[in-house]
Each structure stands twice: as structure tokens, then as C-alpha cells.
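The structure appears below as C-alpha cells.
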Amino acid sequence: MKRLAKWRLISLFSILALVLSGCGEPYLSTLKPAGEVADTQYDLMKLSTLIMVGVIVIVAIIFVLILVRFKRRDDRIPKQVEGSHKLEIIWTAVPILLLLILAVPTVAATFKLADVSPMDKKNSKALVINVRSHLYWWDFEYPGQKIVTSQDLVVPTNEKVYFNLKSTDVKHSFWIPAVGGKLDTNTENVNKFWLEFDDKRSNEAGNVFYGKCAELCGPSHALMDFKVKAISRDKFDAWVTAMQNVKEPQKAQSAVAAQGQELFNQSCIGCHAVTPSNKMPETARLAPNLSDFGNRTRVAGVLDHNKDELKNWIRNPETYKPGNMMTGKYPEMSEEQLDALADYLMGLKVQ
């Protein structure tokens, strides 16, 4: 009975794993590629899977065939045929051939995806984004456009976007599952790569993808997400212009929000910036840039974007992201102060 119960559990978990393998969203799945890099990697994954499954099937057929056909029927010792040159050549040549079939497209794809020469050319027109990872959030600088965003990465579709990756604290890993494989962000060197966001498949995903940290970096590693907005080049240029036109901190739209702005200037401005200029001093880039906070879809990358969740986050960030760098950096606030600060932050909208 105990053995039967164990087999039931194994069967239940196997069925559950099969069902869960079908779960996913188009904006967060490597099995629904949405760009040239993702397509290339997906094709390599299918090729390697096909080769592995093919080997397993052939070996299983030979195994069963030998069990059935050469089953021992008496005590006679069969004829010894070790040292067959033909068989040795076959089982040596076949793996080499399979490795070549897999290695050639893999090496070719590796060199193709590693080519970042256009971003290093003098007076290059390529779009370059400097990605900086922090505990536990992301910072995106557009040096050519002289703007900075945090948590929200905005990119044009149907063209290569080049990235410089660096970490400000510990090793992280930059990964947008639906668009391309991950690459580490290190403290001691800059890693470079490129991605391309397909316009048609971006539209199918609602023009929104989500990125993640793919390197264990601390207690809130699983919560280190960011949003990617993939839009046409015309809309991207309009977004850049709107961001560049924000020269000064936006003014509060109500009396309550004005109180929140005053409170922000007293407690938060030392770490957070509220203008997207990349000329802000480093002291104002210790925490996410909030210049377009009102247009975000998540608070702290993990909570629903509304006033109540924002107040919950400010009240006790350690509850939602253990080990974050915001905990204990400002005085406790009353409910009235939280309401005012939340009103001000939710009103920060560039477009």
C-alpha cells in the first residue's frame, strides 16, 4: 500500500508538471520568441532537442530489439564478436556527426549575436542603452538622448538596440525571456550585446514585455523585475522628445500633492530624481528615477500601481522586498503625510 501511495504521488506531480509546463504569457516566455535574437536561440533549442530526442528513441529501439531478439534461451555461451571495426566506426562517427550538426549553427549564431561593432563606431547612429543593476531595481540611461529611466525600459521595434551592462553592487543578470537570452551584469567590467524587438509580435503581446534578474543576488532576487515597452520608431522619438522637455521637477496638481512635494523634497530627493536628465548628480541616482512614476504599471516592480499599494510600499518596503536599500532611509510618516506623498508621486507623468 505504501508503494502504491508513492506511485500515486509521483503520478500526480508528473501530471501537475505537465499542466504547468503549458502556463505562460507571451510577454514572459522563451517559447514565444519576439525578436531576431530570440528566434535564433529558439531554433538552436529546437535543433538540440530534436537531436537528443532522436538519440533517445534510436537507443530505446535498439535496446528493446536486443532484449526481444537475443533473449538467452539456454546455458550456451554465445559467439564472442568484440572488436568489430565496423561497429566501432559507426558508434564513433555518429556522435561526431551529431556534434557537428549542432556545433556549426551554434558557433555561427554565437559570433553573429556577439557582434556589437556598430555601437562602437565613431558617430554611430545605433541606439545604445546603458543598463545598471542595483539591489533590487534597474536603471536605464540613453546617453545619445541624454535621459534616464528606472524600472521601465522603452525601445523601438524592428531595429537593433545595443546594451552596455554593469552592476553597481553585486552580480546580477539582465534577461528579457521573450526577446533574448540573459547576460550577466558585473561590477568589474561592462558586458555588451544587442536585441531586436519584432513589431508584429510585440503588438500581439500588447507592446509590453517583462524582464528579470537571472542571477541569484539576494533575498529579493525573485522580485527584481522591470517592464519593457516596445513601440514603433515614431512613437519612440515622440517619447524621447517628451522626456527631454522635462527640464524641471513637475509641479504638484493639487494642494494635497503640493504638501507631498514638499515632503518629497525634505525626505526623498537625496536619493530619487524627478527629472529624466542624465546630468543629475550621482547622489540623486542612488534610487529609481521617478520622473514618469505616474505612468508605471507596477509599484517597486511587484505591486499593483495604485495609491494604496504605493502607501503600503512607503510604509514598510522591507515587507515586500527584503534586503532592499530603501528600508530605514527616511523618517516614519503619518497617514496624512503618506496620502500627500502618494498624491504627488502618482501625478508625476511625462505624457
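Note that my numbering has the sequence shown beginning at 168, numbered continuously upward. All residues carry an ideal CB built from backbone N, CA and C; glycine is no exception. Note that the structure is predicted; figures quoted are calculated from it, not measured.
- For G378, which residues does DSSP report across the bridge? As a first step, residue 378 must be located in the sequence shown, where it is residue number 211. Answer is F393, bridged to G378.
- May I have the straight-line CA-CA distance separating E363 from F393, to the nearest angstrom? In the sequence shown, counting from the first residue as 1, residue 363 sits at position 196. In the sequence shown, counting from the first residue as 1, residue 393 sits at position 226. Each residue's Cα considered, the two are about 17 Å apart.
- Query: What did DSSP end up calling E308 once you bin it into helix, strand or coil?
  - Reply: On the sequence shown, position 141 is the one that residue 308 refers to. Three-state result, E308: strand.
- Query: Could you give the distance in angstroms between the alpha-carbon of L214 and the alpha-carbon of S501?
  - Reply: Position 47 of the sequence shown holds residue 214. Position 334 of the sequence shown holds residue 501. Their backbone Cα atoms lie some 59 Å apart in a straight line.
- Message: Let's test the definition: count the other Cβ atoms within 10 Å of the Cβ of L332 and tell me whether it reaches 16, buried, or not, exposed.
- Response: For this step, residue 332 is matched to residue 165 along the sequence shown. With 16 or more Cβ atoms within 10 Å of its Cβ, L332 is classed as buried.
- Item | Own chain residues within Cβ distance below 8 Å of K446, not counting five before or after | Against the sequence shown, residue 446 aligns to sequence position 279. K313.
- Message: Which of the three DSSP states is assigned to S434 in this structure?
- Response: One-based indexing of the sequence shown puts residue 434 at position 267. Correct three-state label for S434: helix.
- Query: How close, in whole Å, do the beta carbons of Q417 and V441 come, if the pair is a contact with beta carbons under 8 Å?
  - Reply: Counting from one through the sequence shown, the residue named residue 417 turns up at place 250. Counting from one through the sequence shown, the residue named residue 441 turns up at place 274. Right, their Cβ atoms sit about 7 Å apart.
- Quick one: what's E363 bridged to in DSSP? Indexing the sequence shown from 1 puts residue 363 at position 196. Bridge partners of E363: K327.
- Task: My understanding is that F403 touches P323, with C-beta atoms under 8 Å, so please give their C-beta distance in whole angstroms.
- Result: Taking the sequence shown and counting its residues from 1, the one referred to as residue 403 is at position 236. Taking the sequence shown and counting its residues from 1, the one referred to as residue 323 is at position 156. Between P323 and F403 the Cβ distance is about 4 Å, and since that is below 8 Å, they are a contact.
- Query: What are the uninterrupted segments assigned as alpha helix (DSSP H) that are 4 or more residues long and contained completely in the region 194 to 279, given in chain order?
  - Reply: 203 to 236
- For G427, the nearest candidate out of R482, E415, Q504 (CA to CA): As a working mapping, residue 427 is identified with position 260 in the sequence shown. Cα-wise, what sits closest to G427 is Q504.
- Message: Considering only their Cβ atoms, is the gap separating P386 from T197 smaller than 8 Å?
- Response: Numbered from 1 along the sequence shown, position 30 holds the residue referred to as residue 197. Numbered from 1 along the sequence shown, position 219 holds the residue referred to as residue 386. It is not a contact, given that the beta carbons lie outside the stated cut-off.
- Query: In its own chain, which residues sit with a C-beta less than 6 Å from the C-beta of S317, not counting the 5 before and 5 after it?
  - Reply: Here residue 317 is taken as the residue at index 150 of the sequence shown, counted from 1. If we look at S317 and ignore the five residues flanking it on each side, its Cβ neighbours are D306, P455, N456.
- How is V469 classed by DSSP in three states: helix, strand or coil? For the purposes of this step, residue 469 is identified with residue 302 of the sequence shown, where counting begins at 1. Coil.
- Would you please state the rounded distance, in angstroms, between the beta carbons of S369 and A201? I believe it to be under 8 Å. If you number the sequence shown from 1, residue 369 lands on position 202. If you number the sequence shown from 1, residue 201 lands on position 34. Indeed they touch by this definition, with Cβ atoms about 6 Å apart.
- Please state whether DSSP places S181 in a helix, a strand or coil. To locate residue 181, count along the sequence shown from 1; it is residue 14. Looking at S181 - three-state DSSP - the assignment turns out to be helix.
- Item | Beta-carbon gap between D366 and S399 smaller than 8 Å | Here residue 366 is taken as the residue at index 199 of the sequence shown, counted from 1. Here residue 399 is taken as the residue at index 232 of the sequence shown, counted from 1. Yes.
- Message: For L267 and I218, which I take to be in contact (beta-carbon distance under 8 Å), what is that distance rounded to the nearest angstrom?
- Response: By 1-based counting over the sequence shown, the position of residue 267 is 100. By 1-based counting over the sequence shown, the position of residue 218 is 51. Between I218 and L267 the Cβ distance is about 11 Å, and since that is not below 8 Å, they are no contact.
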